[in-house]
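Presented below is the structure to which this report refers.
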Amino acid sequence: MSARGRRHGSKSSASNFDKNDLHASVAGLEGTVFFHASLRDYTSFKIGGPADVLVEPADVEDVCRLVRQATARNVPWFVLGGTNLLVRDGGIRGIVVSLGELRAIKDEQGSVLYAEGGVGMPTLIGHAIRRSLAGLEWAAGIPGTVAGCVVMNAGTRLGEMKDSVKGVRLVNTKGGIVDLPVSKIPFSYRRAQLPRGIVVGVWLQLRQGVRAEIEQIVKDYLHYRRDTQPLAMPSAGCVFKNPPKDSAGRLIEAVGLKGARIGDVEVSTKHANFMVNRGEARAQDVLDLIGRVRRAVKRRAGVSLELELKIVGEA
Ligand code: EPU
63 MSARGRRHGS
73 KSSASNFDKN
83 DLHASVAGLE
93 GTVFFHASLR
103 DYTSFKIGGP
113 ADVLVEPADV
123 EDVCRLVRQA
133 TARNVPWFVL
143 GGTNLLVRDG
153 GIRGIVVSLG
163 ELRAIKDEQG
173 SVLYAEGGVG
183 MPTLIGHAIR
193 RSLAGLEWAA
203 GIPGTVAGCV
213 VMNAGTRLGE
223 MKDSVKGVRL
233 VNTKGGIVDL
243 PVSKIPFSYR
253 RAQLPRGIVV
263 GVWLQLRQGV
273 RAEIEQIVKD
283 YLHYRRDTQP
293 LAMPSAGCVF
303 KNPPKDSAGR
313 LIEAVGLKGA
323 RIGDVEVSTK
333 HANFMVNRGE
343 ARAQDVLDLI
353 GRVRRAVKRR
363 AGVSLELELK
373 IVGEA
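The opening residue of the sequence shown carries number 63 in the working numbering; numbering runs sequentially from there.
Right under this line is the structure:
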């Protein structure tokens, strides 16, 4: 996950900026800056048009600087999580931020880990296992970043992010650093209500456990997911939210759409709530297939499926 992102910056005139503003927004950063960057390479779905500019800030200070400069120039910015995300074929105007360089993990007292926003969940779980810290086993197999998982309140049947979050560090829209305790963060199904900004770090309250036991749970769960989900194919994870007391995958299979295909996008034959990219899939193919699935499930099972997938960018 994914850090699923939100669009920020100017609300009223999101596209009212020019090349000079774009250049001024990213001037003097320590991190890497790519103009006209294909987002295909930055998403787990391997789909998506270009970003006007893609920035990988070197550190938190770089994030602050970027936000200050972009806000001053009225240039919108968007944090790319890359999983559970579909970028439309026209790409994203303004600045796309990737937190890939923010990947430090610190051990703190009382079984607490502080992970920078760009740390991948698999890396974090590996670290927790080495410290015999339990609490993140539910996330085995989730490919997103820790920041993305917090923003989305990522979860599985075994648990969800809100069970472990102790606090969040974010860079607000003025470019200042704000630390929020969990008591100030309302969580709901696949959503954390956070102030506008960029999550650059997360404190996780874990608990001391037995390393072999934690490792075993993670292994078993990974096996279960590898057996039931198309983890080896480019995808964006589950496309739809599970309706109350049911499974979107079960419903889609029941209406006969497992394996349905538009262009290079296919309803996975392994798990029907996944769509997989079999090559050169376009975002429009995904949107068309989503429409087809929704209509069939509504008509034949009477259920309106809601998207878990976040859709961003221009057509
Ligand atoms: N099922 C089918 N056909 C399918 C897929 C599933 O009949 O094509 C049936 C299964 O046989 C099972 C039931 O549906 O009886 C539930 O399936 P599964 O255990 O795979 O769980 P799920 O409800 O489909 C949820 C999460 C997944 C998470 C798994 C495993 C959501 C929307 N889905 O799926 O999360 O990996 O549990 O814990 O919350 C994601 O968030 O991206 C995601 C994939």
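Glycine residues also receive a C-beta, built at the ideal position from the N, C-alpha and C atoms.
Checklist entry - Under the DSSP definition of a beta bridge, which residues are partnered with threonine 94? => result Note: threonine 94 is bridge-paired with Glu118 in the DSSP secondary-structure output.
| message | Assuming aspartate 169 is part of the beta strand (DSSP E), what are its boundary residues? | response | 167-170
When burial is assigned at 16 or more other CB atoms within 10 Å of the CB, is alanine 274 buried or exposed? exposed
Where glutamate 123 falls: helix, strand or coil (DSSP): helix
Using CA coordinates, which residue listed in Ser160, Lys228, Ser173 is at the minimum distance from threonine 207? Ser160
*Candidates Leu164, Leu351, Met183: closest to valine 261 by CA position*: Leu164
Discussion item. Suppose you measure from the CA of glutamate 222 to the CA of methionine 214; what does that come to, to the nearest Å?
Written reply: 10 Å
Practice prompt. Look up alanine 298 in the DSSP assignment and say whether it is helix, strand or coil.
Written response: strand
* Asked: At a cut of 8 Å, does the stretch 125-132 reach the stretch 188-195 through at least three beta carbon pairs?
  -> no
**Item:** Where asparagine 234 falls: helix, strand or coil (DSSP)
**Value:** strand
Practice problem: Measure the alpha-carbon distance for serine 75 versus arginine 155 and round it to whole angstroms. | Solution: Any reading at serine 75 is ruled out, since the residue's pLDDT is 43, under 50, leaving its predicted position unreliable.
For the ligand PLP, is there a heavy atom less than 8 Å away from the beta-carbon of isoleucine 314?
For the ligand PLP, the structure offers nothing, since it holds only the ligand EPU.
For this session: Pull up the CB-CB distance for leucine 148 and isoleucine 373, whole angstroms please, since I reckon it's below 8 Å.
Result: 5 Å
- What is the DSSP secondary structure of aspartate 241, reduced to helix, strand or coil? Three-state DSSP puts aspartate 241 in a strand.
What three-state label does DSSP hand tyrosine 251 in the structure shown?
-> coil
Query raised in the report: Beta carbon of arginine 340, beta carbon of glutamate 328: below 9 Å?
Result: Cβ atoms of arginine 340 and glutamate 328: closer than 9 Å.
Considering only residues of the same chain and omitting the five flanking positions on each side of aspartate 83, which have a CB-CB separation below 8 Å? Arg135, Asn136, Val137
request  = Quick one: residues in its chain with C-beta nearer than 8 Å to the C-beta of threonine 133, no 5 flanking neighbours on either side, listed in chain order?
outcome  = Gly71, Thr235, Lys236, Gly237
Exposed or buried, what is asparagine 78 when buried is set at 16 or more other beta-carbons lying within 10 Å of its beta-carbon? exposed
- prompt: Taking C-alpha atoms, which residue in Ile314, Glu199, Lys303, Val212 lies nearest to lysine 281?
  reply: Glu199
- Message: Quick check on DSSP: helix, strand or coil for threonine 331?
- Response: coil
Original post:
If you draw a straight line from the alpha carbon of arginine 150 to that of valine 272, how long is it in whole angstroms?
Top reply: 45 Å
Requested in this report: State the DSSP-derived secondary structure class of glycine 311, mapped to helix, strand or coil.
Outcome: helix
**Study point:** Cβ pair arginine 288, glycine 182 closer than 9 Å
**Key:** no
Notebook entry, point to check: Which of the three DSSP states, helix, strand or coil, is assigned to leucine 101?
Noted result: helix
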